[in-house]
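Novice: This is the structure I have questions about; it appears just below.
In full-length UniProt numbering, the protein residues as written are 1 to 459.
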């Protein structure tokens, strides 16, 4: 390869490893079967992907969801090295209001992200709440744009654009959770070399709302209603809104759709990018360990994740050794010729003859749970429960020679026949050696951002 390679990193948000194995057997490349995340949910994991350190070191987690760490992030470093850097996110947590656009020349988002960074009227929530009200709702919307605490003219223009878009025959808004829009963006983009592209897809994240033809559990409206709930409230109260079988079936429907549309997207990406790194940031719980969604704990169903590197010179093989998502940062830096500056290890190396080899790490990796985020805490209190037992930091550890072990309220557990005492000692050393960045004032999210997070079960 005579010039710097173009690389795409695609996060299939909330995709469990077992669901990936079932639905993504078509995806070529080097499969890391023993890959582990750095945390149980989106924000700290993406911080590790972007900055190459654990979230506790970076200070980006439930206590501070902003990517405001002093360390340079991957997009900034690649931009300085001459890369065009672009992103398309379908997740409101990974958006401009939380500074996850750092270093990107372009940062685009799906319908869930529109209007988050501006003081504009929340059209999506208003439309959902007034559906069926006829022409009266347009007058009500105009009144609110004028009298509510929002920028009047930008709000009116935003509503006008949304209406025009809804009348366009090819409009893809809300047919899914943003994957169609991401695919359309990739098809329309004029990629140059070298390019770095980051994509976050939310099709496997609740509420599980694939197109109608994929749903096997009722109407789309019913699925939205029955799969929209707060996972921590369900965990604390031990009373999910629906049985685990129903929730898992709707999840699997969404995963089937994600597989199909990502197949199309992957083909587009391989036409323009030398390497495509596909991964999930975390899994999802359906009552295992008496927990739900991904709001609590570092259970293996949350932290054991898919990771595949596809591209030029990469074989279609399975790699059994232990790796971590924290290695992705170092891997991208290595492939692009940047000096290593990461807690992780590059998973592949390219020599002077452009031959690629797999480089198995020999490290222990950690997963982190940092407590309850403020929105979830408020939801638990409002439901009449005490969140404090769930507000303790927990860690998991996976070493090359021992099974995954993790802390719970009842002590250290192992996913196989491991030694909990040895794991507890390793976790204790990690705690004592960790450099933790404390953020005193994490700031408040806007009402629009809060509503978007509520729709996803974060509040």
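Glycine included, C-beta positions come from ideal geometry on N, C-alpha and C. Model, not experiment: these values are computed from the prediction.
Just grab the DSSP bridge partners of residue 89 for me.
Specialist: Bridge partners of residue 89: 109 and 200.
Novice: Near residue 455, what residues of its chain come up, given a Cβ to Cβ distance below 6 Å and the 5 sequence neighbours on each side ignored?
Specialist: Nothing meets the Cβ criterion.
Novice: Below 8 Å, how does it come out for the segment 371 to 381 and the segment 222 to 233: are there three or more Cβ pairs, yes or no?
Specialist: Verdict: yes, contact present.
Novice: Between the alpha carbons of residue 314 and residue 337, how many angstroms are there, rounded?
Specialist: Taking the straight line from one Cα to the other gives about 18 Å.
Novice: By the three-class DSSP mapping on this structure, what secondary structure does residue 251 have?
Specialist: Residue 251 falls in the helix class under three-state DSSP.
Novice: Can you give me the start and stop residues for the beta strand (DSSP E) that residue 433 sits inside?
Specialist: That residue, residue 433, is in no beta strand (DSSP E); its alpha helix (DSSP H) goes 420 to 433.
Novice: Is it buried or exposed for residue 238, if we count other Cβ within 10 angstroms and need 16 for buried?
Specialist: Exposed, by the Cβ-count rule.
Novice: Considering residue 35, what are the terminal residues of the beta strand (DSSP E) in which it resides?
Specialist: 30 to 36 is the extent of the beta strand (DSSP E) around residue 35.
Novice: Do residue 107 and residue 87 have their C-beta atoms within less than 7 Å of each other?
Specialist: Yes, Cβ-Cβ distance for residue 107 and residue 87 is below 7 Å.
Novice: Quick check on DSSP: helix, strand or coil for residue 231?
Specialist: Correct three-state label for residue 231: helix.
Novice: Sorted by chain position, which residues of the same chain lie with C-beta nearer than 7 Å to residue 252's C-beta, five sequence neighbours on each side aside?
Specialist: These residues qualify, in order along the chain: 19.
Novice: Smallest Cα separation from residue 460: which of 81, 396, 428 and 110?
Specialist: No information on residue 460 is available, as it lies outside the stretch 1 to 459 that the chain covers here.
Novice: Where does residue 172 sit, in a helix, a strand or coil, going by DSSP?
Specialist: Residue confidence for residue 172 is low, a pLDDT of 41 falling below 50, so the modelled location carries little weight; the figure read from the coordinates is stated next. Looking at residue 172 - three-state DSSP - the assignment turns out to be coil, as it is neither helix nor strand.
Novice: Which residues mark the beginning and the end of the alpha helix (DSSP H) in which residue 181 is found?
Specialist: Taken as a continuous stretch (DSSP letters only), the alpha helix (DSSP H) holding residue 181 covers 179 to 188.
Novice: By DSSP, does residue 310 sit in helix, in strand, or in coil?
Specialist: The answer is strand: DSSP assigns residue 310 an E or B state.
Novice: In this structure, what does DSSP give as the bridge partners for residue 414?
Specialist: Residue 414 pairs with 405.
Novice: Are at least three pairs of beta-carbons, each pair with one atom in the segment 266 to 273 and one in the segment 319 to 334, less than 8 Å apart?
Specialist: Cβ pair count under 8 Å is below three, so no.
Novice: Checking 7 Å against the spacing of the C-beta atoms, do residue 112 and residue 92 come in under that value?
Specialist: Yes; because the gap between Cβ atoms is below 7 Å, this pair is in contact.
Novice: Grouping DSSP H, G and I as helix and E and B as strand, with all else coil, what is residue 436?
Specialist: Here residue 436 sits in coil by DSSP.
Novice: Just list the residues that DSSP pairs residue 286 with in beta bridges.
Specialist: Bridge partners of residue 286: 292.
Novice: Using beta-carbon positions only, say whether residue 282 and residue 36 come within less than 7 Å of one another.
Specialist: Result no, Cβ atoms of residue 282 and residue 36 do not sit closer than 7 Å.
Novice: CA-CA distance, residue 261 and residue 285?
Specialist: Distance between the alpha carbons of residue 261 and residue 285: 24 Å.
Novice: With contact counted as at least three CB pairs below 8 Å, one residue from each stretch, are the segment 340 to 351 and the segment 422 to 436 in contact?
Specialist: The answer is no - the segment 422 to 436 does not touch the segment 340 to 351, with fewer than three Cβ pairs under 8 Å.
Novice: So for residue 358, helix, strand or coil by DSSP?
Specialist: In the structure shown, residue 358 sits in a strand (DSSP, three-state: E or B).
Novice: How would you write the range of the alpha helix (DSSP H) that residue 74 sits in, first residue to last?
Specialist: From DSSP, the alpha helix (DSSP H) with residue 74 extends over 74 to 80.
Novice: Could you compute how far the alpha carbon of residue 311 sits from the alpha carbon of residue 273?
Specialist: Approximately 8 Å, taken between the alpha carbons.
Novice: Are the CB atoms of residue 68 and residue 99 within a distance shorter than 7 Å?
Specialist: Going by C-beta atoms, residue 99 is nearer than 7 Å to residue 68.
Novice: First and last residue of the beta strand (DSSP E) that includes residue 398?
Specialist: It spans 394 to 398 - the beta strand (DSSP E) in which residue 398 sits, taken as one unbroken run.
Novice: Given a threshold of 16 other Cβ atoms within 10 Å of its Cβ, counted over all protein chains shown, does residue 201 qualify as buried or as exposed?
Specialist: With 16 or more Cβ atoms within 10 Å of its Cβ, residue 201 is classed as buried.
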